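*Asks:* With the working numbering as the guide, the letters of the sequence shown map in order to residues 1 to 389.
Note that beta-carbon positions come from the ideal geometry of N, C-alpha and C, so glycine has one too.
Nothing here was measured: the structure is a model prediction, and the numbers come from that model.
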Amino acid sequence: MDKELQQFLEQFRVDPEEEQKTQELYNRIQQISRGSPETPDAPSDRELLVLISRLFSMEGSTPFSKQYDPLIERLSFTNQDLNALDADGLKTAWRSFLKENEWDSFIAPEHLGMAEWYESHSMTSHAIAVYEYLYLRSFVEMNDDMPRDFCDISTLLMLCKERKLLHRARYFCEVIEDLYLADKIVSLEDYADAVLIKKVVNSYAILETLDSDKRSITDRLNLEKGKLLHVLHPRTQSLVIDATVWSSEPWRKLEPATAILYWAKAIEAEFRFKVYEPNQRHINQYQTFEGPPKGKNCTLGQISKLLYPSSNLGLKTVFARLQDAAWIISQEARNPLETLQKHRNQSAHAGSSSYTPRESQRCLREIYESGWIWRFLQALQPAIPRGLK
Numbered sequence: 001m002d003k004e005l006q007q008f009l010e011q012f013r014v015d016p017e018e019e020q021k022t023q024e025l026y027n028r029i030q031q032i033s034r035g036s037p038e039t040p041d042a043p044s045d046r047e048l049l050v051l052i053s054r055l056f057s058m059e060g061s062t063p064f065s066k067q068y069d070p071l072i073e074r075l076s077f078t079n080q081d082l083n084a085l086d087a088d089g090l091k092t093a094w095r096s097f098l099k100e101n102e103w104d105s106f107i108a109p110e111h112l113g114m115a116e117w118y119e120s121h122s123m124t125s126h127a128i129a130v131y132e133y134l135y136l137r138s139f140v141e142m143n144d145d146m147p148r149d150f151c152d153i154s155t156l157l158m159l160c161k162e163r164k165l166l167h168r169a170r171y172f173c174e175v176i177e178d179l180y181l182a183d184k185i186v187s188l189e190d191y192a193d194a195v196l197i198k199k200v201v202n203s204y205a206i207l208e209t210l211d212s213d214k215r216s217i218t219d220r221l222n223l224e225k226g227k228l229l230h231v232l233h234p235r236t237q238s239l240v241i242d243a244t245v246w247s248s249e250p251w252r253k254l255e256p257a258t259a260i261l262y263w264a265k266a267i268e269a270e271f272r273f274k275v276y277e278p279n280q281r282h283i284n285q286y287q288t289f290e291g292p293p294k295g296k297n298c299t300l301g302q303i304s305k306l307l308y309p310s311s312n313l314g315l316k317t318v319f320a321r322l323q324d325a326a327w328i329i330s331q332e333a334r335n336p337l338e339t340l341q342k343h344r345n346q347s348a349h350a351g352s353s354s355y356t357p358r359e360s361q362r363c364l365r366e367i368y369e370s371g372w373i374w375r376f377l378q379a380l381q382p383a384i385p386r387g388l389k
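#1: Using C-beta distances below 6 Å, list every residue in its chain close to residue 77, excluding the 5 sequence neighbours before and after it, in chain order.
#2: Are the CB atoms of residue 300 and residue 344 nearer to each other than 8 Å?
#3: Starting from residue 256 and walking both ways along the alpha helix (DSSP H), at which residues does that stretch end?
#4: When you compare only the Cα positions, how much space is there between residue 128 and residue 166?
#5: Answer with buried or exposed for residue 11, where buried requires no fewer than 16 other C-beta atoms within 10 angstroms of its C-beta.
#6: Can you list, in chain order, the residues of its chain with a C-beta nearer than 8 Å to that of residue 255? Leave out the 5 residues immediately preceding and following it.
#7: What do you get for residue 49, buried or exposed, if any count of 16 or more other CB atoms within 10 angstroms of its CB means buried?
#8: Have a look at residue 368 and residue 30 and give me their C-alpha separation to the nearest angstrom.
#9: Going by the beta-carbon positions, is the gap between residue 259 and residue 360 smaller than 8 Å?
#10: List the DSSP bridge partners of residue 322.
#11: Please classify residue 446: is it buried, with 16 or more other beta-carbons within 10 angstroms of its beta-carbon, or exposed?
#12: Could you tell me the distance, in whole angstroms, from the CA atom of residue 84 to the CA atom of residue 92?
#13: Decide if residue 140 is buried, meaning its Cβ has at least 16 other Cβ atoms within 10 Å, or exposed.
#14: By a C-beta neighbour count over all protein chains shown, 10 Å radius and 16 as the cutoff for buried, is residue 68 buried or exposed?
#15: Give the straight-line distance between the Cα atoms of residue 283 and residue 382, rounded to the nearest whole angstrom.
#16: Going by CA-CA distance only, name the one from 319, 192, 250, 264 that's closest to residue 286.
#17: Would you tell me roughly how many angstroms separate the C-alpha atoms of residue 333 and residue 32, rounded to the nearest one?
#18: Tell me the rounded alpha-carbon separation between residue 339 and residue 304.
#19: Using 8 Å as the threshold, is the C-beta distance between residue 192 and residue 379 below it?
#20: I'd like to know whether the C-beta atoms of residue 236 and residue 270 end up nearer to each other than 8 Å.
#21: Run through DSSP, which three-state label would residue 163 get?
#22: According to the Cβ coordinates, are residue 111 and residue 134 closer than 8 Å?
#23: What residue does the alpha helix (DSSP H) around residue 97 start on, and which one ends it?
#24: Report the three-state DSSP secondary structure of residue 68 (helix, strand or coil).
#25: Measuring alpha carbon to alpha carbon, tell me which residue in 70, 263, 152, 274 is nearest residue 323.
#26: Roughly how many whole angstroms lie between the Cα atoms of residue 253 and residue 292?
#27: Run through DSSP, which three-state label would residue 295 get?
#28: Nearest CA to the CA of residue 45: which residue from 234, 231, 74?
#29: Compare the beta carbon distance of residue 162 and residue 212 with 8 Å and say whether it is the shorter of the two.
#30: Kindly list the residues whose CB is nearer than 6 Å to the CB of residue 390, restricted to its own chain and excluding five residues on each side of it in sequence; keep chain order.
#31: Using only alpha-carbon positions, find the residue among 202, 181, 223 that is nearest to residue 168.
#32: What is the residue span of the alpha helix (DSSP H) that residue 200 lies within?
#33: Tell me which residues share the same chain as residue 107 and place their Cβ nearer than 6 Å to its Cβ, disregarding the 5 neighbours each side in the sequence.
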């Protein structure tokens, strides 16, 4: 055999020892998945952490795959009721758990994967606890092994707002503002979001009324849009509820840009979880621009570039798998999306104080009152096989 060819083939040779270790790992995960937490061979927290780390060394990416589910679900940390903890308790919860188990071997993306897993499973307090640990290590202690890129402060801010940790949310608004003004790792969109949220959290009395309205609107959406609401990703569900609240009176007049922000984020989140991440390998072959960083949403502009290229058959095969494939790439779907993008950018560049209720109403009439937003979110869902319709 030609020497160069032999060297080329050698790199694809499977190491029998590594293959055996991989099989042993998957066998143990399956055993844990089938077993009961009370059985004698039930794993300890430390073993689960070891297995999570070994699995990450093999898969090497976030968000975590479903292979992690039985491991994370059985961690005692996952089964703690963290909703009773205040902001100070959440700041130390994840570090305390790791210390109790004498575990310090996770690298930054593994912590990020844990935070994203809890967030995607609607475990807001657990997600905050892990993000707080990342923030502490990367921004406060400034550890070299915890790069700032792995701490998504904008997500941490949104989660703190969701948990009504108002003092902490206000703090992260100021952190984001400082980082943006120092020209460090914060985008204009995240900065504009922080400015809006800071105004909201500064009005605690308003939030009590807002919370009441949010509950009633959630009930109404479950009645009117329940079928769609229940297939949306949990993150999108939360954003849709917030967007609907801020699209109504008196909230729209109070903060005209907030509804625009939430509708934009809802589309970005649903596109990420239902279209971009499941098809990322295919999309990367055909997209003509740099996509979002791993684990981040596509912007509205990037979504528009993917959905409406002048001629790209490769991308069209991806969107052909969606429920309303013909409509979502039509001009009827495109025009309101571009309107939303324009208003989102307008409010971000001008500052929320310069974005008027009249401008907000003009956008909401086209994207929300027309019913376009509901059809667009429905169209992002995977197509139902004919035999199951």
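*Replies:* So, from the data block:
#1: Mapped onto the sequence shown, residue 77 falls at position 77. Answer for residue 77: 97, listed in chain order.
#2: Residue numbering aside, residue 300 sits at position 300 when the sequence shown is read from its first letter. Residue numbering aside, residue 344 sits at position 344 when the sequence shown is read from its first letter. Against a cut-off of 8 Å, the Cβ pair of residue 344 and residue 300 comes out as a contact.
#3: In the sequence shown, residue 256 corresponds to position 256, counting from 1. Start and end: 256-271.
#4: Along the sequence shown, one-based indexing puts residue 128 at 128. Along the sequence shown, one-based indexing puts residue 166 at 166. Approximately 13 Å, taken between the alpha carbons.
#5: On the sequence shown, residue 11 is found 11 positions in, with the first residue counted as 1. Low confidence applies to residue 11: its pLDDT is 49, below 50, so where it sits in the model is not reliable enough to give any reading.
#6: What you label residue 255 is simply residue 255 of the sequence shown in a count that begins at 1. So the list reads 196, 199, 200, 246, 352, once near-sequence residues are dropped.
#7: Looking up residue 49 in the sequence shown gives position 49. The Cβ neighbour count for residue 49, taken over all protein chains shown within 10 Å, is at least 16; the residue is labelled buried.
#8: Taking the first residue of the sequence shown as 1, we reach residue 368 at position 368. Taking the first residue of the sequence shown as 1, we reach residue 30 at position 30. Per the coordinates, the alpha-carbon of residue 368 lies some 45 Å from the alpha-carbon of residue 30.
#9: Here residue 259 refers to the residue found at position 259 of the sequence shown. Here residue 360 refers to the residue found at position 360 of the sequence shown. It is a contact, given that the beta carbons lie within the stated cut-off.
#10: For the purposes of this step, residue 322 is identified with residue 322 of the sequence shown, where counting begins at 1. Among the bridge pairs identified by DSSP, residue 322 is matched with 382.
#11: Look at the range of the chain in this structure, 1 to 389, and you will see that residue 446 is not part of it.
#12: In the sequence shown, residue 84 corresponds to position 84, counting from 1. In the sequence shown, residue 92 corresponds to position 92, counting from 1. Rounded to the nearest angstrom, the two C-alpha atoms are 14 Å apart.
#13: The residue you call residue 140 lines up with position 140 of the sequence shown. Taking a 10 Å sphere around the C-beta of residue 140, we find fewer than 16 other C-beta atoms and assign the residue as exposed.
#14: Counted from its first residue, the sequence shown places residue 68 at position 68. Buried: at least 16 other Cβ atoms inside 10 Å.
#15: As a position in the sequence shown, residue 283 is number 283, starting the count at 1. As a position in the sequence shown, residue 382 is number 382, starting the count at 1. One C-alpha to the other measures close to 15 Å.
#16: For the purposes of this step, residue 286 is taken as the residue at position 286 of the sequence shown. Comparing Cα-Cα distances from residue 286 to each of 319, 192, 250, 264, the minimum goes to 319.
#17: Taking the sequence shown and counting its residues from 1, the one referred to as residue 333 is at position 333. Taking the sequence shown and counting its residues from 1, the one referred to as residue 32 is at position 32. When the Cα atoms are used, residue 333 and residue 32 turn out to be separated by approximately 46 Å.
#18: In the sequence shown, the residue the question calls residue 339 occupies position 339. In the sequence shown, the residue the question calls residue 304 occupies position 304. If I take the Cα positions, the gap works out to 11 Å.
#19: Walking along the sequence shown from the start, residue 192 turns up at place 192. Walking along the sequence shown from the start, residue 379 turns up at place 379. No, the pair does not count as a contact, with Cβ atoms beyond the cut-off.
#20: For the purposes of this step, residue 236 is taken as the residue at position 236 of the sequence shown. For the purposes of this step, residue 270 is taken as the residue at position 270 of the sequence shown. Result yes, Cβ atoms of residue 236 and residue 270 sit closer than 8 Å.
#21: As a first step, residue 163 is located in the sequence shown; it is residue number 163 there, counting from the start. Of the three classes helix, strand and coil, the one that applies to residue 163 here is coil, per DSSP.
#22: For the purposes of this step, residue 111 is identified with residue 111 of the sequence shown, where counting begins at 1. For the purposes of this step, residue 134 is identified with residue 134 of the sequence shown, where counting begins at 1. Cβ distance < 8 Å, so residue 111 and residue 134 count as in contact.
#23: For this step, residue 97 is matched to residue 97 along the sequence shown. Element bounds for residue 97: 87-100.
#24: Counting from one through the sequence shown, the residue named residue 68 turns up at place 68. Residue 68 sits in a helix when the DSSP states are folded into three classes.
#25: By 1-based counting over the sequence shown, the position of residue 323 is 323. Distances from the alpha-carbon of residue 323 to those of 70, 263, 152, 274 put 274 closest.
#26: Locating residue 253 in the sequence shown gives position 253, counting from the first residue. Locating residue 292 in the sequence shown gives position 292, counting from the first residue. Rounded to the nearest angstrom, the two C-alpha atoms are 33 Å apart.
#27: Here residue 295 corresponds to residue number 295 of the sequence shown, with the count starting at 1. Of the three classes helix, strand and coil, the one that applies to residue 295 here is coil, per DSSP.
#28: Numbered from 1 along the sequence shown, position 45 holds the residue referred to as residue 45. If we check each option's Cα against that of residue 45, 74 comes out closest.
#29: If you number the sequence shown from 1, residue 162 lands on position 162. If you number the sequence shown from 1, residue 212 lands on position 212. No, these two residues do not count as a Cβ contact at 8 Å.
#30: The structure shown does not extend to residue 390, since the chain is modelled only from 1 through 389, so no value can be given for it.
#31: Position 168 of the sequence shown holds residue 168. Cα-wise, what sits closest to residue 168 is 202.
#32: For the purposes of this step, residue 200 is identified with residue 200 of the sequence shown, where counting begins at 1. From DSSP, the alpha helix (DSSP H) with residue 200 extends over 188-201.
#33: Here the question's residue 107 lines up with position 107 in the sequence shown. Leaving aside the five residues that flank residue 107 on each side, none in its chain has a CB nearer than 6 Å to its CB.
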